[in-house]
Amino acid sequence: MNHLDKFDYAILGALQVDGTLSVAELAERVGLSSTPCWKRLKRLEEDGYLDSRVAIVNRHKTGLPVTVFVSVRTSQHDEKWLQRFAAAVIALPEVLEFHRMSGDVDYLLKVVTTDIAGYDRFYKKLIRTANLTGVSSAFSMEQIKYTTALPLELVSHGSMG
Numbered sequence: 001m002n003h004l005d006k007f008d009y010a011i012l013g014a015l016q017v018d019g020t021l022s023v024a025e026l027a028e029r030v031g032l033s034s035t036p037c038w039k040r041l042k043r044l045e046e047d048g049y050l051d052s053r054v055a056i057v058n059r060h061k062t063g064l065p066v067t068v069f070v071s072v073r074t075s076q077h078d079e080k081w082l083q084r085f086a087a088a089v090i091a092l093p094e095v096l097e098f099h100r101m102s103g104d105v106d107y108l109l110k111v112v113t114t115d116i117a118g119y120d121r122f123y124k125k126l127i128r129t130a131n132l133t134g135v136s137s138a139f140s141m142e143q144i145k146y147t148t149a150l151p152l153e154l155v156s157h158g159s160m161g
């Protein structure tokens, strides 16, 4: 279990909204002075609570409007096969997320691309990576919710107050 208090969660929450905050701005938002805030931020980074601070690029404006969820099934389940397959899929730039699943689907990929032809090019690269039993694609028609912010309130309630 983590040992975070309300200030740590407040720092993480504020950075999820705006990763460009200066230490002074962050300190003001969470109710600390700069030095204690900076020390907490450094500890959170060193302890691995912050994976990275990035800019979120608008995929529509940059020409990548198509999102496809790709379900992959295979009859191969040995570790050596998985290592080769995972390395090949990770190397495909269109893949934003790659999950090993329970249930009927073995792997689920979240893919972004330019258009249907772009997806077809991706699909052809994917099926060359390994012997797959089945590949099923579901195109996102509309993105109704999107966030990168974790619901910290689900775990921080016991430490608040």
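Counting from 1, position 16 in the sequence shown corresponds to residue 16 in the UniProt record's numbering; the numbering is continuous, with no gaps.
By construction, the Cβ of each residue, glycine as well, lies at the ideal position given by its N, Cα and C atoms.
Asked, Found
"Please return the same chain residues whose Cβ sits closer than 8 Å to the Cβ of Leu152, not counting the five positions on each side in sequence.", "Tyr9, Leu12, Gly13 and Gln16"
"State whether the segment 70-77 contacts the segment 105-117, with contact taken as three or more CB pairs (one from each stretch) at a distance under 8 Å.", "yes"
"Since Phe139 sits in a beta bridge, which residues does DSSP pair it with?", "Val68"
"Once you ignore the five residues that flank Val54 on each side, which residues in its own chain have a CB closer than 8 Å to its CB?", "Gly19"
"Check whether the segment 23-42 and the segment 56-65 touch, using three or more Cβ-Cβ pairs below 8 Å as the test.", "no"
"Specify whether the segment 128-142 and the segment 94-102 touch according to this definition: at least 3 beta carbon pairs, one from each stretch, less than 8 Å apart.", "no"
"Less than 8 Å between the beta carbons of Val111 and Val95, yes or no?", "yes"
"May I ask you to report which of helix, strand or coil DSSP gives Ser159?", "Any answer about Ser159 is weak, because its pLDDT of 46 lies below 50 and its placement is not dependable; what the coordinates show is given next. In the structure shown, Ser159 sits in a helix (DSSP, three-state: H, G or I)."
"I'd like the span of the alpha helix (DSSP H) that includes Val17, first residue to last.", "Lys6 to Val17"
"Put Leu126 into one of helix, strand or coil per three-state DSSP.", "helix"
"So if DSSP puts His99 in a beta bridge, which residue, or which two residues, is it bridged to?", "Leu108"
"Quick one: residues in its chain with C-beta nearer than 6 Å to the C-beta of Val135, no 5 flanking neighbours on either side, listed in chain order?", "Val72"
"Beta-carbon separation of Phe122 and Leu92 under 8 Å?", "yes"
"Run through the DSSP bridge pairs and tell me what Thr113 is partnered with.", "Val66"
"Which same chain residues, not among the five before or five after Leu32, have their C-beta less than 7 Å away from its C-beta?", "Phe7"
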